[in-house]
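Take this note's numbering: the last position of the sequence shown gets the number 193, and nothing is skipped along the way. In this text, a Cβ means the ideal position worked out from N, Cα and C, and glycines have one as well.
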Amino acid sequence: ILICPIFINDSKNKVNYIQYSTKTGRKIFHKKVIASLISAIGITTIHLGILFTVYKSNNTYMFWDCSINSFMSEMSSWYDITFGQYIILSVILTYIVSIITSIVTICVSSRTSTYISAIGIQIPILFIFGYWLKAIGMDYLTTTYYPKYTLHIIYGLLILISLVMLIRRIKREKVSDI
Numbered sequence: 016i017l018i019c020p021i022f023i024n025d026s027k028n029k030v031n032y033i034q035y036s037t038k039t040g041r042k043i044f045h046k047k048v049i050a051s052l053i054s055a056i057g058i059t060t061i062h063l064g065i066l067f068t069v070y071k072s073n074n075t076y077m078f079w080d081c082s083i084n085s086f087m088s089e090m091s092s093w094y095d096i097t098f099g100q101y102i103i104l105s106v107i108l109t110y111i112v113s114i115i116t117s118i119v120t121i122c123v124s125s126r127t128s129t130y131i132s133a134i135g136i137q138i139p140i141l142f143i144f145g146y147w148l149k150a151i152g153m154d155y156l157t158t159t160y161y162p163k164y165t166l167h168i169i170y171g172l173l174i175l176i177s178l179v180m181l182i183r184r185i186k187r188e189k190v191s192d193i
């Protein structure tokens, strides 16, 4: 929602026609993509900072070096990692998911002309993505319920698909007509 206006305002106000008529105007799309990715990382950092501030009051720091594999645990892990490493892995994957969703938002909002249509397209995509994250992507990060490299492959495919979408959109912007 915060990244959509960067692209929709230009198409709504017909500013992109002026941008396409100049050599430097075509480079503005690259700058908008970089600004969108930086803002997505910034928003994620602010959210994680707030969550870690709230989480700090739970006094779970004493478990930082404890292994998550235990006979009392209901989740068996493929890897012998500690609770702290699990938290760091979760933070890294949160940033990856943030970048993937911002790339999807960039591709959708650069093709649509109104906020309603952009949000209408993004909501089903994000619900499916959110359901997958809840069901597999974050809750069962290292669990033995799935084959060992399943999540590695899925995250790799998501990154690859989003990068291909972005590269195709950038190439279309370079050659688009007024």
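According to the neighbour-count rule (16 or more other Cβ atoms, all chains shown, within 10 Å of its Cβ), is residue i buried or exposed?
i	result
residue 74	exposed
residue 30	exposed
residue 145	exposed
residue 120	buried
residue 25	buried
residue 172	exposed
Would you report the Cα separation of residue i and residue j, rounded to the nearest angstrom?
i	j	result
residue 65	residue 160	31 Å
residue 56	residue 110	7 Å
residue 133	residue 59	21 Å
residue 45	residue 53	12 Å
residue 95	residue 138	37 Å
residue 47	residue 162	39 Å
Please state if the CB of residue j and the CB of residue i are separated by a distance shorter than 8 Å.
i	j	result
residue 158	residue 91	yes
residue 79	residue 68	no
residue 41	residue 189	yes
residue 181	residue 140	no
Would you check if the segment 112-121 and the segment 177-188 touch, i.e. whether three or more CB-CB distances between them fall below 8 Å? yes
Under 8 Å: do the segment 21-30 and the segment 124-144 share three or more Cβ pairs, one atom per stretch? yes
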